[in-house]
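In the order they appear, the protein sequences are chains A and B.
So for the first sequence, the working numbering puts the first residue at 224; every next one is plus one.
So for the second sequence, the working numbering puts the first residue at 2; every next one is plus one.
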Amino acid sequence: EAGVVQSPRYKIIEKKQPVAFWCNPISGHNTLYWYLQNLGQGPELLIRYENEEAVDDSQLPKDRFSAERLKGVDSTLKIQPAELGDSAVYLCASSLGLAGGGASYNEQFFGPGTRLTVL
Amino acid sequence: QKEVEQNSGPLSVPEGAIASLNCTYSDRGSQSFFWYRQYSGKSPELIMFIYSNGDKEDGRFTAQLNKASQYVSLLIRDSQPSDSATYLCAVGRGSTLGRLYFGRGTQLTVWP
C-alpha cells in the first residue's frame, strides 16, 4: 500500500515569493492534516480536512496561508507571500477518520515532508 | 504548561539495555496516546498506540499508560543502534477528536 505522497521534497525561495506544497493521502483515508515542524519541536497542526471540509483551521495563519482539498483526495497548501520565519518542514498526514471508528481516528500516518527554506 | 511534555534528553543507552521514554499530558480528557519515531531528516513514523490504562507490548516496545497520573511511557528492550532517533509522544483529546498534540520529542542514542 502506498503511503502519503508529498511534493516537492525541498524548496528554496526568496522572501515575499509564493510557494505551494502538494499532498496525496493514503487511499481510503478521509482525513488529511497539514503540520508544520520546526527544528527540535514536535509537529504543530495547521489545518485538518474531513473529506473536502476544513474542520479545524484555527492554527492556520490565514493572512498568508491557504489550503484546499477540492475533491476530497489530494490537497494543496500555499503560502503567499513567504516570510523568513516560514522556513520549516511542512508535513502532510492522513488517517481513516470517522470511518476508522473511535480512537483509531487519530492514528495518523505522515508523508516525507517538504523542507522549505526562505532566504 | 504545555499540553504534552517529554523528558528533554538526550538519552544515551548502551546496546542491549532498556531505554525508558516518558511523557506527561495536561488534559485529563485525553483518550488516545501515540509514540512516533523520527529519524534525523525523516518524517514521524507511528510505532505504538495505547488507549487503555496498563501496558501494551509489541515486540521490543512496551507502552504504558496511567491516566490517573496523566503519564505515558515507552520502553524499548534490547535497544539497538538502529533505535537511535527522536521519539515523539502525541496525545489525542476527546474534546477535539482528530487533533493530536505532540511533545517536542526525546532524542535517543544507542551506542554499540
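Beta carbons: idealized from backbone N, C-alpha and C, even for Gly.
Item: CB contact check: F244 of chain A to chain B, cutoff 9 Å; Value: no
Item: Neighbouring residues, chain A, relative to R105 of chain B (Cβ below 7 Å); Value: G263, Q264, G265
Item: Coarse secondary structure for N54 of chain B, derived from DSSP in three states; Value: coil
Item: Beta bridge counterpart(s) of Q229 of chain A as assigned by DSSP; Value: A:C246
Item: Residue-chain proximity (P304 of chain A, chain B), Cβ-Cβ < 9 Å; Value: no
Item: Chain B contact for R271 of chain A (CB, 9 Å cutoff); Value: yes
Item: Proximity test, Cβ basis, 9 Å: K43 of chain B and chain A; Value: yes
Item: Beta strand (DSSP E) segment containing Q39 of chain B, residue limits; Value: 31-39
Item: Min CB distance R78 of chain B to chain A below 9 Å; Value: no
Item: Ordered list of beta strand (DSSP E) runs contained in the segment 277-302 of chain A, each at least 3 residues; Value: 288-291, 298-302
Item: Residues sharing a beta bridge with I270 of chain A, DSSP; Value: A:W257
Item: Chain-ordered chain B contacts of F332 of chain A [CB-CB under 7 Å]; Value: L47
Item: Closest by C-alpha distance to E276 of chain A, when choosing among A:K294, A:F244, A:L307; Value: A:K294
Item: 9 Å Cβ cutoff, P335 of chain A in contact with chain B; Value: yes
Item: Three-pair Cβ contact test at 8 Å for the segment 247-254 of chain A versus the segment 12-26 of chain B; Value: no
Item: Per-residue contacts from S31 of chain B into chain A (C-beta, under 9 Å); Value: Chain A residues near S31 of chain B: none, gap ~10 Å exceeds 9 Å.
Item: Closer than 9 Å at the beta carbon, the chain B residues around L342 of chain A; Value: In chain order: nothing, as chain B lies at least about 20 Å away.
Item: Whole-Å CB distance - N261 of chain A paired with A311 of chain A, under 8 Å assumed; Value: 5 Å
Item: Min CB distance S230 of chain A to chain B below 9 Å; Value: no
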